[in-house]
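Beneath this line is the structure, given in structure tokens, with notes to follow.
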Amino acid sequence: MKDTLLLGQVLSFESDPFRSDPERAALWRRRGGVVLRAGRILEVGEAGAMRDKYPRADIHDFADALLSAGFVDAHAHYPQTGIIASWGKQLIDWLNHYTFPEEMRFEDEACARETAERYFDLVLANGTTTVASFCTIHPVSVDAFFDAALARGLRVVGGKTCMDRNAPDGLLDTAQSAYDDSKRLLERWHGQGRASYAITPRFSPTSTPEQLAALGALWQEFPDCPMQTHLSEQLPEIEWVRQLFPEARDYLDTYEQFGLLGPNALFGHAIHLTPRETARLREVGAALIHCPTSNSFIGSGLFDMAARMGEGHRIGLATDTGGGSSFSMLRTMAAAYEIAQLRGTALHPAQLWWLATAGSASALRLADRIGNLAPGMDADIAVLDLASTPAIEQRAARAETVWETLFPTIMMGDDRAIRAVYANGRLQNGRASSSAQ
Ligand code: GUN
Ligand code: ZN
Numbered sequence: 105m106k107d108t109l110l111l112g113q114v115l116s117f118e119s120d121p122f123r124s125d126p127e128r129a130a131l132w133r134r135r136g137g138v139v140l141r142a143g144r145i146l147e148v149g150e151a152g153a154m155r156d157k158y159p160r161a162d163i164h165d166f167a168d169a170l171l172s173a174g175f176v177d178a179h180a181h182y183p184q185t186g187i188i189a190s191w192g193k194q195l196i197d198w199l200n201h202y203t204f205p206e207e208m209r210f211e212d213e214a215c216a217r218e219t220a221e222r223y224f225d226l227v228l229a230n231g232t233t234t235v236a237s238f239c240t241i242h243p244v245s246v247d248a249f250f251d252a253a254l255a256r257g258l259r260v261v262g263g264k265t266c267m268d269r270n271a272p273d274g275l276l277d278t279a280q281s282a283y284d285d286s287k288r289l290l291e292r293w294h295g296q297g298r299a300s301y302a303i304t305p306r307f308s309p310t311s312t313p314e315q316l317a318a319l320g321a322l323w324q325e326f327p328d329c330p331m332q333t334h335l336s337e338q339l340p341e342i343e344w345v346r347q348l349f350p351e352a353r354d355y356l357d358t359y360e361q362f363g364l365l366g367p368n369a370l371f372g373h374a375i376h377l378t379p380r381e382t383a384r385l386r387e388v389g390a391a392l393i394h395c396p397t398s399n400s401f402i403g404s405g406l407f408d409m410a411a412r413m414g415e416g417h418r419i420g421l422a423t424d425t426g427g428g429s430s431f432s433m434l435r436t437m438a439a440a441y442e443i444a445q446l447r448g449t450a451l452h453p454a455q456l457w458w459l460a461t462a463g464s465a466s467a468l469r470l471a472d473r474i475g476n477l478a479p480g481m482d483a484d485i486a487v488l489d490l491a492s493t494p495a496i497e498q499r500a501a502r503a504e505t506v507w508e509t510l511f512p513t514i515m516m517g518d519d520r521a522i523r524a525v526y527a528n529g530r531l532q533n534g535r536a537s538s539s540a541q
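Dropping the structure here:
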């Protein structure tokens, strides 16, 4: 198969902009080239040098557009696609009123498959090439998720959501069936193509201690799998956890005491943490997943990015669709910026972009494969128009630095900024084909 050479502005990271000078953490080539071979990135360099070295490559010239690693959304609920932007509720009421009735529909295979297809079309249109998603309690919702992802060549993480209490009857499993179904699905999907299976208790209020223990035992059998759940999102939720688990030291302990805390754990939200919780999460190396559009939309609170980064946590960025109000990681970066501002910190554009790519990849422990443009990495690439609307164009025209060029797209951009998406080296976003030559 012929090599492909993508030409445009090229943004790649040399270091973590939270732990080095953000102005110097990235390499920005005004006219760069990325060579793709067999689903991987072969080389990244100056456009002229890449043309000379690979004269037989198929050239896709994107002119002034920006080539970046595809976005990595580290926490989402694909079954909530159809109820995104549902009005007027905070977490517990929002779950009972909108989410649980919608998730009950996924007993029907046709509903699961149709939603998964629609979800991944939306995700790709937004430049996202990896998601870590919850499915529903229904195994068929997991098969639908992985089938739709693998058909598009996407690297994804997903798992059957487990709950055996505090949800409607049609949405409950048991400790034993959650263990059995999760194990069967894990054995079927983990490592299949570009799929990873995540053991997925929804959150401790919807699992009995028996179910949490069963899933902890499963994780011990398959410790290289991620485990994803929710932690300390909203104050009434934390109070509810206190009542349900009177013996626990804190919310994190409701996972920890059942073997559900480890380096491959992904904790969504993690806003209202105690000093013991932050210290323990840091010690273990578990990841915190920041979901800023969700945190403002559902009224959850202000994640303290500067404090958590200062403590040395691994942190990913996520939409939390459909508690989050957008499928776009650009909108998500903008919300992260705004929440950090409300906490007194201005995140640098390099830090925001890193969170949406390499940072989330690192949270998922996939940083050796995705989240950056470098030789040997998977060829998952988003191509962005940095003047995609008149408002963005007129602001970017005044920019004096590369980061000033990018920041209007971060703050005001959406799917209109996405010109093309490559997953596993293949052009996936149909709208792009006319711009490639
Ligand atoms: N906590 C438990 N389940 C959910 C969910 O589906 N969305 C959000 N945002 N929080 C949760
Ligand atoms: Zn969530």
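Heads up, the sequence shown is in our numbering, so the first residue is 105 and it goes up one at a time.
For each residue, glycine too, the CB sits at the ideal point set by N, CA and C.
Given the structure is predicted, the values throughout are model-derived calculations rather than measurements.
Asked                                                                                                                                                                                     : Found
Can you list every residue whose CB sits closer than 5 Å to some heavy atom of ligand 2, going in chain order?                                                                            : G372 and D424
Indicate whether the contact test is met: 3 or more Cβ pairs, each with one atom in the stretch 515-524 and one in the stretch 189-209, closer than 8 Å.                                  : no
Can you tell me which of the three DSSP states F431 falls into?                                                                                                                           : coil
Whose C-alpha, out of A321, V114, D120 and M105, is nearest the C-alpha of H452?                                                                                                          : D120
Alpha carbon to alpha carbon, how far is Q347 from L356?                                                                                                                                  : 14 Å
Just tell me which of G480, P305 and L468 has its CA closest to the CA of V139.                                                                                                           : G480
May I have the straight-line CA-CA distance separating G428 from I241, to the nearest angstrom?                                                                                           : 21 Å
Looking at K106 and D156, is the spacing between their C-beta atoms short of 7 Å?                                                                                                         : no
When DSSP labels each residue in this structure, what does A299 get in the three-state scheme?                                                                                            : strand
Can you tell me whether M208 is helix, strand or coil according to DSSP?                                                                                                                  : helix
Pull up the CB-CB distance for S404 and H373, whole angstroms please, since I reckon it's below 8 Å.                                                                                      : 7 Å
In the DSSP assignment, the alpha helix (DSSP H) including T509 goes from what residue to what residue?                                                                                   : V506 to M516
Looking at S430 and ligand 1, is the gap between the Cβ and the nearest heavy atom below 6 Å?                                                                                             : no
Count the C-beta pairs between the stretch 136-151 and the stretch 181-193 that are closer than 8 Å, then say yes if the count reaches three, no if not.                                  : no
Please classify P327: is it buried, with 16 or more other beta-carbons within 10 angstroms of its beta-carbon, or exposed?                                                                : exposed
Indicate, with yes or no, if ligand 1 has a heavy atom lying under 6 Å from the CB of H181.                                                                                               : yes
Let's see if you can read the secondary structure: which residues bound the beta strand (DSSP E) around I522?                                                                             : I522 to A527
Shorter than 6 Å, the distance from the beta carbon of R306 to the closest heavy atom of ligand 1, or not?                                                                                : yes
Can you tell which of K264, Y182 and R306 has the C-alpha that lies nearest to the C-alpha of R288?                                                                                       : K264
Report yes if the C-beta of S398 is less than 6 Å from at least one heavy atom of ligand 1; otherwise report no.                                                                          : yes
Is R530 helix, strand or coil when you go by DSSP?                                                                                                                                        : strand
Starting from D162 and walking both ways along the alpha helix (DSSP H), at which residues does that stretch end?                                                                         : D162 -> not in any alpha helix (DSSP H); beta strand (DSSP E) instead, spanning D162 to A173.
For the pair the stretch 334-341 and the stretch 296-303, tell me if three or more CB-CB distances fall below 8 Å.                                                                        : no
By DSSP's criteria, P305 is part of a beta bridge. Which residues make up the other side?                                                                                                 : C266
Per DSSP, L258 forms a beta bridge with which residues?                                                                                                                                   : Note: L258 sits in no beta bridge, so no partner.
How big is the Cα-Cα spacing for S237 and A178?                                                                                                                                           : 8 Å
Below 6 Å, is the gap between the Cβ of H334 and the nearest heavy atom of ligand 1?                                                                                                      : yes
Taking just the CA atoms, how far does G517 sit from P494?                                                                                                                                : 11 Å
Identify, in the order they occur along the chain, each residue of the same chain with its Cβ nearer than 6 Å to the Cβ of A180, setting aside the five sequence neighbours on each side. : V235, S237, T423 and T425
Tell me which residue opens and which closes the alpha helix (DSSP H) that G372 is part of.                                                                                               : First-last for G372: A369 to H373, but that is the beta strand (DSSP E), not the alpha helix (DSSP H).
When the distance is taken between beta carbons, is A253 closer than 7 Å to Y283?                                                                                                         : no
Within 6 Å: the Cβ of G192 and any heavy atom of ligand 1?                                                                                                                                : no
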